[in-house]
Amino acid sequence: MSALSVVLIVVAVVGLVVVAMAVQSLIITLRSLRATVEELRVETHTAVAEMRAMVAEANGEIARVDSLLDTAEVVGARVEATSRLAWLVMRNPLVKLASASVATDRRLRRTVTAESVEVVEPRSIGSGSDGTRRRRRIRTARRAS
């Protein structure tokens with residue numbers, strides 16, 4: 003055998019060893035990748051199940067709020083109708099009451115005459131020698147209507 007053949011055989015054996023080590027490393031990496039993918043699958047499965055439960059709960063709440071909004075609309079419509087009816091029923095008596103109040107006020111203003119009101123001030127100690135009471139009159143002017 004020639005030296006060239008021995009070198010080629012040694013290079014081939016070293017190449018096979020390097021390839022075997024690379025394959026072994028690849029196998030280890032693939033096993034690690036499988037374990038990671040399995041963990042990820044389990045965690046995502048749990049997360050997806052929790053999300054589905056939350057979505058179902060949110061849908062229930064949305065349905066509840068929708069029902070509340072429908073009820074609020076119905077109540078609002080009833081209140082509006084009741085308010086309109088109350089106004090129609092009470093409008094005429096309220097107008098009559100207001101006009102009677104205005105008429106009474108005008109009549110009282112016309113009939114009030116100038117009245118004098120007497121105010122008596124209390125005796126002050128040591129003021130004046132005669133000790134008489136001071137009187138003052140206040141006249142109310144008649145207002146023109």
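One point on numbering: in the numbering used here, the residue at position 34 of the sequence shown is 36, and numbering is uninterrupted. The beta-carbon is built from N, C-alpha and C at its ideal position, and this holds for glycine as well. Computed from a predicted structure; not experimentally measured.
Alpha-carbon spacing of Leu6 relative to Val39, whole angstroms: 48 Å
Rounded separation between Gly17 and His47 - CA only: 44 Å
CB contact check: Pro95 to chain B, cutoff 8 Å: In the structure shown, chain B cannot be found, because there is only a single protein chain.
CA-to-CA distance, Met92 to Glu166, given in whole angstroms: This structure does not reach residue 166, given that the chain is present from 3 up to 147, and the question cannot be answered.
DSSP three-state assignment for Met53, whether helix, strand or coil: helix
Alpha helix (DSSP H) segments (min. 4 residues) lying fully within the region 15-46: none
Through-space distance from Glu45 to Ala55, alpha-carbon basis: 15 Å
Through-space distance from Arg36 to Val21, alpha-carbon basis: 22 Å
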